[in-house]
Amino acid sequence: MILEARHIDKYFLEPEKRQVLKNISLVIPDGELVAIHGESGSGKSTLLYILSTLDTDFQGDLKIKDQNIKTLGASALTDFRNKHIGFVYQFHYLLPEFNVLQNVMLPAMKLSKKAKEEIIEDALGLLDEMGMREYAKRPAYQLSGGQQQRVAIARALINNPSLIIADEPTGNLDQKNSHLIFNLLKEITENKGKTVVIATHNSTMYRNSHKTIEMIDGSIRP
Amino acid sequence: MSTHVFNKTNIFIALQYLSARKKQSCLAAIGVLLGVTTFIVMINFMTGVNDFLDDAVFNGSPDIIISTKTKKQRDNKGLIISSVLENSNEIDKVLIENENVHSFAHQILTPAILISDRKQFPASINGVFSEKEKEMINLERRLVEGKGFQSISQENTILLGISLAKRLQVSVGDQIKMILPNGNNTNLKVSGIFSFGITTIDNVRTYISATTLQGLLNQKNGITNIHVKLKDRDDVSLKSTLVEEVNGIGVEDWKDSNKTIVIGNKVRDILTWSVSFALLLVAGFGIYNILTITVIQKRKDIAVLKTIGYSSNDIVFIFLVQAMIIGLIGALLGCVLGYSISYMISITSLDTSDFIIVETYPINFKMFYYILGFSFGILTTIFAGYFPSKKASRVDPVTIIRGI
Chain A
354 MILEARHIDK
364 YFLEPEKRQV
374 LKNISLVIPD
384 GELVAIHGES
394 GSGKSTLLYI
404 LSTLDTDFQG
414 DLKIKDQNIK
424 TLGASALTDF
434 RNKHIGFVYQ
444 FHYLLPEFNV
454 LQNVMLPAMK
464 LSKKAKEEII
474 EDALGLLDEM
484 GMREYAKRPA
494 YQLSGGQQQR
504 VAIARALINN
514 PSLIIADEPT
524 GNLDQKNSHL
534 IFNLLKEITE
544 NKGKTVVIAT
554 HNSTMYRNSH
564 KTIEMIDGSI
574 RP
Chain B
333 MSTHVFNKTN
343 IFIALQYLSA
353 RKKQSCLAAI
363 GVLLGVTTFI
373 VMINFMTGVN
383 DFLDDAVFNG
393 SPDIIISTKT
403 KKQRDNKGLI
413 ISSVLENSNE
423 IDKVLIENEN
433 VHSFAHQILT
443 PAILISDRKQ
453 FPASINGVFS
463 EKEKEMINLE
473 RRLVEGKGFQ
483 SISQENTILL
493 GISLAKRLQV
503 SVGDQIKMIL
513 PNGNNTNLKV
523 SGIFSFGITT
533 IDNVRTYISA
543 TTLQGLLNQK
553 NGITNIHVKL
563 KDRDDVSLKS
573 TLVEEVNGIG
583 VEDWKDSNKT
593 IVIGNKVRDI
603 LTWSVSFALL
613 LVAGFGIYNI
623 LTITVIQKRK
633 DIAVLKTIGY
643 SSNDIVFIFL
653 VQAMIIGLIG
663 ALLGCVLGYS
673 ISYMISITSL
683 DTSDFIIVET
693 YPINFKMFYY
703 ILGFSFGILT
713 TIFAGYFPSK
723 KASRVDPVTI
733 IRGI
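Chains as they are written, first to last, in this note's numbering: chain A, 354 to 575; chain B, 333 to 736.
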């Protein structure tokens, strides 16, 4: 099990105290594409942020790679994310000041486990897999949405994390690109043995996932 | 995992951000540059003037002057002569006992008319004991022509201030005639010409041997003033000690005699510091502004950096480095420009003969002020950069990514 969540409760205090996640328990096995879906306000994004360790303000236990997240301090948690979790967002979020290759390299440069030449090689390899190698030297802002999202996936993979978290990764793309991105994410699980957790509205996406979790009113539909 | 925030990657990111907004970064750096330049030019110039005046005035005049209270007295012929210090032995005793006294010298001072072949002018004749006076004033450094105090140990020689010598149209070796208030006169040979750089001194001051003057004034062993040099010039407690212990004397310290210069120095100091501070403050706001705007515009990017493994400390460092690079470039160029402008001023000729005599503007090129200006520039940017950087580090990735 790459991820294990037990009895997770989450409250929003603003504007008034309200429970958004109710006693969520789930396990996510290695190498699967898991889709969390549900209506707006069902708590799926909130759950995704907790599972991705960005939000640590919750009750219950979360274990990723057998590491209890709650025992990690802020900087240890940042390091943990850097090593084990890759992120893909609805709005690609490449940094416009950097070119495509540099964007992919950033997490690895932070990890600084490899020499720069090695990181470049890895990044170019990943861009190649995403079909973006020829754009390596382009400034990030010159790419189309679908292209940016492919670069973002390469960036999420650069440190060879076990878990990829994707929040509405196709929410901002046309059908053709959505299809492409989804297939890329699925390939990652099948070829590389990574676990991908996505939150999505897109019905074709969750129907084609290995496993789906449907959120209703802060609970998982049984 | 590297825990040090000071690493190549963070600096690389900072540089990337800086070069993405070259124009604003340059403007911010120019702000710092102007602040540091102004500071350096002003402080070089102001302290140059201060030092020049200090040197000229304070070294040309003693720290404490003791004279009698009754300023003038008449001799038996009804002529006004300078009053003689009656109780010089008493005063000497106090001075010898006082620990702050570096040295002291007796003087006999009188006005006189000096007559050369062509001109005549009034002058102030300082009858000095050359061995003692040497400890009070470094006249060697002030000499323009001829010899210093050692030459007046001979009888009938005189040292003249440069302006006076020019007005009398005499040079070293020439003869002049001196007429004293009591009508006695004598011929003197000019043995040296000095310049303190202050017209009021160089216009009137002359030195001759005290014994010669005493003889001419019929005041054997009489003296009119005692000049005192202090070890610590700022401690003028000797002044009150003297007034308490010895009756009938007037005591003036260097602050009394040079009030305008002391005040002038203060005004220049205040001006320098306040103007430089104001300019650096403005530069600081410039940096604060550009970084705050960057942080606000880049909140999402900061959030991304945080999710991909960059800690709050990394973020602080990335933004602080931007501020520091702006500051570093601005401060360095400011030092260079400041030096250039100061140098230009220092070679600009100054046409003045009214108050001070100096060929070019006095500039103080002390390294210390450059280090100070540089540090001020850097400190300003660190202060200005700290708050936006802190703000950036507090960006919460969850709220921002969700808030789209």
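Virtual Cβ for every residue (Gly too), placed ideally from N, Cα, C.
Sequence-distant partners of B/S678 (beyond 5 residues in either direction) whose C-beta falls short of 7 angstroms from its own C-beta, in its chain, are T692, Y693, I695.
For the alpha helix (DSSP H) assignment, the uninterrupted runs of no fewer than 4 residues enclosed by the stretch 598-677 of chain B are, from N- to C-terminal side, 631-639.
Judged by beta-carbon spacing, B/A497 lies beyond the 7 angstroms limit of B/M468, meaning their Cβ atoms are not closer than that value. At a C-beta separation below 7 angstroms, B/D633 has these neighbours in chain A: L448.
Between B/I595 and B/D534, the gap from beta carbon to beta carbon reaches 7 angstroms or more.
With distances taken between CA atoms, B/V668 lies nearest to B/L365 out of B/R565, B/P513, B/E577, B/L365. Under the DSSP definition of a beta bridge, B/M510 partners with B/L446, B/T518. Within the same chain, Cβ atoms closer than 8 angstroms to the Cβ of B/D567 are found at N432, the five residues on either side in sequence being excluded. Under the DSSP assignment, A/S395 falls outside any beta strand (DSSP E); it carries neither an H nor an E label. Straight-line measurement puts the Cα of B/V368 at about 54 angstroms from the Cα of B/I447. Where B/R537 is concerned, there is no enclosing alpha helix (DSSP H), although the beta strand (DSSP E) around it starts and stops at 537-541. Using a CB distance cut-off of 7 angstroms, A/M462 counts as an interface residue toward chain B.
Chain-order list of chain B residues neighbouring A/D475: empty, with the shortest C-beta distance near 15 angstroms, by a criterion of under 9 angstroms. With respect to B/A360, B/I619 sits close: the two C-beta atoms are nearer than 7 angstroms. The way I'd put it, the stretch 431-441 of chain A doesn't touch the stretch 557-570 of chain A; fewer than three beta-carbon pairs between them come closer than 8 angstroms.
Interface annotation for the stretch 539-550 of chain A against chain B: empty, criterion Cβ-Cβ distance under 8 angstroms. The beta carbon of A/I534 sits closer than 8 angstroms to the beta carbons of G499, Q502, R503, I506, P522, T523, L526 from its chain, once the five residues preceding and following it are set aside; these are given in chain order. Taking a contact to require three or more Cβ pairs closer than 8 angstroms, the stretch 518-526 of chain B and the stretch 473-485 of chain B qualify as touching. Look at A/P460 here: in three-state DSSP terms it is helix. The beta carbon of A/P514 sits closer than 8 angstroms to the beta carbons of K436, H437, I438, G439, K547 from its chain, once the five residues preceding and following it are set aside; these are given in chain order.
With contacts defined as CB atoms closer than 7 angstroms, A/T553 and A/G384 fail to qualify as a contacting pair. The beta carbons of A/S428 and B/S725 sit no closer together than 7 angstroms. Residue pairing of B/N458 in beta bridges, as defined by DSSP: B/L441, B/Y539. B/T369 is outside the set of residues whose beta carbon lies under 7 angstroms from a beta carbon in chain A. Runs of the alpha helix (DSSP H) lying entirely within the stretch 502-564 of chain A, each at least 4 residues long, are 528-545, 556-560 in chain order.
Annotation: B/L623 to B/V560 spans about 59 angstroms, alpha carbon to alpha carbon. Close CB contacts of B/I581 within its chain, under the 8 angstroms cut and outside five residues either way in sequence, are with I398, S399, T400, K401, L417, N419, I423, L574, V575 (chain order).
Think of a sphere of 9 angstroms around the beta carbon of B/V337: no beta carbon from chain A falls inside it, the nearest being about 10 angstroms out.
The DSSP-derived three-state label of A/R371 is strand.
Neighbourhood of A/R371 in chain B, by CB distance below 8 angstroms: empty, with the nearest CB roughly 16 angstroms away. In summary, A/L366 is exposed, with fewer than 16 beta-carbon neighbours lying within 10 Å of its beta-carbon over all protein chains present. Given a length threshold of 3 residues, each whole run of the beta strand (DSSP E) inside the stretch 519-597 of chain B is given here in chain order: 537-541, 557-562, 581-585.
As a beta-bridge residue in DSSP terms, B/L475 pairs with B/F526. In this structure, A/A509 sits near A/V441, with a CB-CB distance shorter than 7 angstroms. When DSSP states are grouped into helix, strand and coil, B/S435 belongs to the strand group. Counting along the chain, the unbroken beta strand (DSSP E) around A/Q412 starts and ends at 412-417.
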